[in-house]
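Residue numbers (the numbering used here): 2 to 72.
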């Protein structure tokens, strides 16, 4: 779904451009992170880089979650 430039995405205070900028930054960082950082697990529940509870509950990847944000 395309949004008009400068118009907030429904349910947010952010424009599509702002959300896309954020998702691109996450993808860029994840792609260039050292392999050790990508494999490291964080916290008691052993979270991966940019992994969220939402992703675990839905059984989706970080990229799938970012695609949902961009819709």
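Beta carbons are placed, not taken as given, at the ideal position from N, Cα and C, and that holds for glycine.
Remark: fewer than three beta-carbon pairs, one from each stretch, lie closer than 8 Å, so the region 46-62 and the region 6-13 are not flagged as touching. By the C-beta density criterion, residue 26 is exposed, having fewer than 16 other C-beta atoms within 10 angstroms.
Residue 43 carries a strand assignment under DSSP once its states are collapsed to helix, strand and coil.
By the neighbour-count criterion, in which 16 or more other beta carbons inside 10 Å mark a residue as buried, residue 17 falls on the buried side.
The criterion of a C-beta distance shorter than 8 Å is satisfied by residue 21 and residue 71.
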